[in-house]
Structure formats: structure tokens, C-alpha cells
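Heads up, the sequence shown is in my numbering, so the first residue is -15 and it goes up one at a time.
Ideal Cβ placement from N, Cα and C applies to all residues, glycine included.
Given the structure is predicted, the values throughout are model-derived calculations rather than measurements.
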Amino acid sequence: MSVLLGALLLVPLAAGIALIVVRPLRFVVPVGLTVAAATVGLAVAATLRRPQARLPLFDGVAVGFAVDDLSAVMVVLVALALLAVLAFAAGDPALGSGRFVGLVLVFAAAMLATVTATTLPPLLAAWEVMGAVSWALIAHHTGDPAAARGARTAFLTTRTADLGLYLAAGAVLAGGVSTLAIDALPDVAGGWRDLAVAGIVVAALGKSAQLPFSFWLSGAMHGPSPVSALLHSATMVAAGAYLLLRTSAGLEATGWAGPLVAWVGVGTALLLGLVALAQSDLKQLLAASTSAQIGFMVLAAGVGAVPGGVLQTVAHAATKSLLFLVAGAWLVRVGTRRLDGLQGAARRYPVLGAAFTVGAVTLAGVPPTGLWVSKDAVLAGAAASGPALYIVGLAAGLVSAGYAAKAVWFVWRLSPPTVQDGTVGRAGLRVQAVVAVTLAGAAAGAGLLALGPDILRPAPEPTVLELVASGAIAVIGFGVTWRVAGRLPAPAALLSWLHLEQIALAAAVRPTLRLAVLLARLDDSFHHRVVLGAGRGVTRTADEVDRHLERGLDRGVDGVATGARALGRTARRPQTGQLHQYYAQAAVGFGVLAALAVLLIGVS
């Protein structure tokens, strides 16, 4: 295995496991930051050298990893997100434990393995580890029942969708691709290819919180904000979109999967954008906007605009990491996530406020920021597939400008919030300000990456008219929302995330529980009785055997013993020890023998 690739995957994994097991009381944050910085260096080196590795697993099946054009972007993105999140979390003493930092490092290692895996076995393993660690991170505050419930919902929802990957692996094997290579989906034979692609689509949509799985992201917002920044910007929710981008050739080969994925993506971008626009909780607004922005990446995979999807992933990661981290800083200092309670937060913390504003303007797609360029790159691919996708995509862009403007309007409003500054010192604030400003610059300038390597260069390229139209829509949407932000309606269906969780409970969870209860009753009333009845039958049979057969055998054995004793007594009688009796017995014996001899001679 390549030493460089092995170090990229094992350094954060080993350090994370060590911190979780040992849980040192000192130097946890410096160790975490050192490991994160080393991971960034390894990621950059891997991007330049493009290492590959294959280890034998089964006959004809290997554990494969590689850094290619697509994964090169992702490994650097994941490593930088890890460093930014740990640096920002260093400003919050409540997140300086070995358990928290260790889990973050293990999660990052699992994400790095996910994006570099070239065969399904390591992808499955890393995918599972990522899901399990995300559950632990969301529920980090163990005394918060809402966090525990949100973690459980996120784990069960994504875990259910993850079963699609196992279905895909089985279908790939059955379809004749014994290597289980991810890029070999177009080579899978017959209907097995459709089954494999369907499994991958379900797993990816679940992990990326796309319709109809979006609701789990709402509950996950009860976790710490740095966790939200890590999981819901460049890593976990982006993993599903990345998998679809990686397998876009397989989507196209089926004929049906590409259009389906494209419409799910653009539908999520529009509907979850409306959900974000209705929210009165800042983290819920950012969560719904995450599903909406990931929808553009999914749209890119569906229409084959892979470079646009990758560019959207990079720009969104910088933007959403920034917004989640600043929201978390305000939550710690102000003590609330509600927008009306955060009024004036940007004025009280002007550096964080300015960085948040840059992130929100970028999220709106206002020119010349990163998401303006990436979104148009995706929409150019949608326009090449059909005008309907393009029009709905533009509508989703208009809505994104609305929810971004709403967030900025509240945090800059004059009315000051109730502040509780005692929990975090000024040193922590300075560190967080540096991280926020850095991320703001990355978010605003991410569009320049479109001039870089081919994997980030849009194809097809958006026209000047498309760029001007989308930029104008973003500016108009931002301006109109700014005028009416305090009076926007909040329909119940949008506040409750389209009632998706209630629908899932009614359509899947409750029927499953009823079936489980029915099977339990069947087990108690039928199988349980069968097992007990069989036991009682065996007991009765044993009693009958003991009563009849075994007693008869005992009598037979006793009879043989009695006969043997009688024969013994009879045999002892002639043994008197007197010589004349022995002579008499011998004479009788000889007489009998003589008689037998005469008889035999006479017969012959």
C-alpha cells in the first residue's frame, strides 16, 4: 500500500482512536490541531502525487484506494474543513475533550476513506463508520434529550437508506463484475445494473438529506455547531452527492436514473429552500438550506455536469462551514438560536457579523461570489438537458437569496439581544474571528477555481446571459426579502419540514412496529407453544420409556445375573475336595463317553 495514502487515512484514524481511549485531560486541542494540520499536508501531497493502493480481500476482490482528479479535490476539502472546525472549536472549552476531538478525527478519517475508495468493500466500511460516528457527535451533549433523539433519528434514517449500498454490492457481483469496482457500474450486466444503481441512489439521497429523507437533518441541529459545520458542509451530507458524481456514468447508462436524480435534486433545492425561508431558528434555516444547496450537487450528477457539481461542493463547503461556525459562536455567547433573539448579534461582534454576511451573500448566489459561479455551472448542465430543469433551478436560486437575506436582516437589526458573555474568553473569540474571516475569503473567492483544473472547469460553460440572469435574480431576491424579512409568513407545513418525519413515521415506522408486535404475538401464541409442547412431549416419552422399556430391560439384566449365579452354585456342588468322588465323576464321564462312542459306531 502507498505510504502516503496509508498515512493520509491512518494518521487521523489512529490519533482519534487514541484520544477516545486515553481521554487525556491536557493538550487535547493542540494534539487535535497538530493532527489536522498534518492531515492537510498529507492531503496536499496526495493531490500532487496521486497515490494508489490495492490490498487483496477475497479471490478477485481487492480493497482499492486512489487519489484521482475527483477525489483530489475532496481530500483537500475534507482536511481543510477538519482543521477549520477544530480551530473554531478550540474557542469553546466545552468542546475540548478527548472524546469530542477524537470522534471528529475518526469521522474525518472515515470521510477520507469514503472519497478515495475505488471498490465497494472499503466504501461500505467507511460509510458505516461515518454514520456511527456522526451519531456519537450529534449526541455529544449526553444530557440533552433533544440531541439524543436527533442523533437516533439521523442514524436510523441514514442507516435505512444505507442498505441500498449492500443491495448494490450484491447486484454488481451478480451482474458479473467480480472486482466490485465502483467505476464499473456501466459494465454490470442486464437488470442487475438497474438494481445496483437504484441501491446507490437510495443510499446517496439518504446520506445527503435529499427528499424524502431530508427531515433527519432537522433533528441533527441539536448537536454542537462545530459538528454541524463538519457533518453538514463538506463531509457527511456531501458524501452522498459525491457518490452520485462519482457514479454519474452508471446513472447515465440506465437511462432512467439520471433524470430521476436530477429532478429529486432540483425539487429538494426548491422545496427545502422554501422550508429554510420559513424558519425562525437560525440553525434550522441553515440546515434546510444545506439540503437545498446539496440539491444542486445532486442535480449536477443527474445531468452529467460533474465539474459544476464539484465546484458547487467546494463553494458550499466553505460557505456553510462559515455560517454554522458563526451561528455556533453566537449561540454560546447570546444563548439562543432564534432569529428574533439574535437581533443585533452582528453589531455586537462585528468581525463575526461581517464574515457571516459575506457567507450569506455567497449563499444567496450574488455575483461575483463562489456559489454564483458554481450554481450557474450546474444550471448550464440543466439547461442542456431541458428547459424545465433550468427554470426550476432558477426558482430555487431565487429562494436561496431569500433565506440568506432573512438571516442577515435579523442579525443586523438594531434591537440588541440578551448577552451572556461569560462562557467564552476573548482569546477564543479572536481565534474564531480568524477562522471566520479565512472561510469568508474562501467562500467569496471559490468561483475562481472554475479557471483551474478540468475537474473544476464547467462543462458546458454558462453563457453570459445565464450568468447575468441568475445574478440579477439573486440580487432582486435578496433585496425584496430584505424589505419584508420581518413579515414573512411561516406556514406550518414549512416549519415542520413538509411533515416529512410524520409521513415517515406513518408510512414506515409505525407499520414496522405493528408488524413487529404481530410477529411477537405470533411467536408467543404459536412458536412458543410449539416449543413448549415439543418439550412436554419429549418428557412424556421419556417417562413411558422409563416406565416400560427401561424396567423390562432391568428385569432381563437381573434375570441373566440370577441365572449366572444359579449356574455358579450348581457348578460348585461337585467341587467337594474328596478324591473318591472325583474318581466316581470321572468314571461316570468315561461311561457317558463310551456310550456315545458305541452309539455313534452303531449309527455309522
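Secondary structure of residue i, DSSP reduced to three states
| i | result |
| --- | --- |
| residue 84 | helix |
| residue 136 | helix |
| residue 10 | coil |
| residue 445 | coil |
| residue 291 | helix |
| residue 331 | helix |
| residue 508 | helix |
| residue 53 | helix |
| residue 569 | helix |
| residue 18 | helix |
| residue 403 | At residue 403, the pLDDT of 49 sits below 50, so the modelled position is not reliable and the matter cannot be decided from this model. |
| residue 196 | coil |
| residue 123 | coil |
| residue 437 | coil |
| residue 160 | coil |
| residue 205 | coil |
| residue 187 | helix |
| residue 128 | coil |
| residue 2 | helix |
| residue 142 | helix |
| residue 279 | helix |
| residue 337 | helix |
Which residues DSSP lists as bridging residue i, in chain order
| i | result |
| --- | --- |
| residue 48 | 38 |
| residue 322 | 265 |
| residue 231 | BP columns for residue 231 are empty, so no partner. |
| residue 165 | 103 |
Outcome for residue i when other beta-carbon atoms lying within 10 angstroms are tallied against a minimum of 16
| i | result |
| --- | --- |
| residue 166 | buried |
| residue 76 | buried |
| residue 509 | exposed |
| residue 240 | exposed |
| residue 317 | buried |
| residue 177 | buried |
| residue 486 | exposed |
| residue 206 | buried |
| residue 0 | buried |
| residue 397 | buried |
| residue 226 | buried |
| residue 523 | exposed |
| residue 230 | buried |
| residue 4 | buried |
| residue 460 | exposed |
| residue 565 | exposed |
| residue -13 | exposed |
| residue 447 | exposed |
| residue 272 | buried |
| residue 587 | exposed |
| residue 374 | buried |
| residue 42 | exposed |
Reference residue i; option with closest CA among the options
| i | options | result |
| --- | --- | --- |
| residue 62 | 536, 301 and 387 | 301 |
| residue 322 | 115, 37 and 262 | 262 |
| residue 362 | 381, 346 and 344 | 381 |
| residue -6 | 420, 49 and 230 | 49 |
| residue 456 | 191, 448, 350 and 224 | 350 |
| residue 616 | 530, 523 and 266 | No answer is possible for residue 616: it lies beyond the span of the chain, which begins at -15 and ends at 588. |
| residue 97 | 579, -9 and 358 | -9 |
| residue 251 | 198, 425, 88 and 492 | 198 |
| residue -11 | 14, 566, 52 and 475 | 52 |
| residue 157 | 544, 212 and 44 | 44 |
| residue 327 | 469, 378 and 462 | 469 |
| residue 467 | 200, 285 and 390 | 390 |
| residue 248 | 34, 269, 220 and 277 | 277 |
| residue -3 | 93, 513, 255 and 538 | 93 |
| residue 599 | 103, 535, 304 and 338 | The shown model of the chain, from -15 to 588, leaves out residue 599, and the question about it has no answer. |
| residue 194 | 230, 254 and 136 | 254 |
| residue 80 | 144, 10 and 99 | 10 |
| residue 122 | 365, 31, 459 and 87 | 87 |
| residue 355 | 152, 34, 40 and 299 | 299 |
| residue 308 | 446, 130 and 337 | 337 |
| residue 237 | 169, 184, 217 and 431 | 169 |
| residue 118 | 136, 106, 82 and 154 | 136 |
| query | At what residue ranges does the region 471 to 505 contain a whole run of the alpha helix (DSSP H), taking only runs of 4 or more? | reply | 476 to 479 and 484 to 488
| message | At 4 residues or longer, what runs of the alpha helix (DSSP H) sit wholly inside the region 231 to 260? | response | 232 to 238
| Which runs of the alpha helix (DSSP H), 4 residues or longer, sit entirely within the region 341 to 410? | 354 to 369 and 371 to 396
| Segments assigned alpha helix (DSSP H), at least 4 residues, entirely inside the region 523 to 572 | 534 to 556
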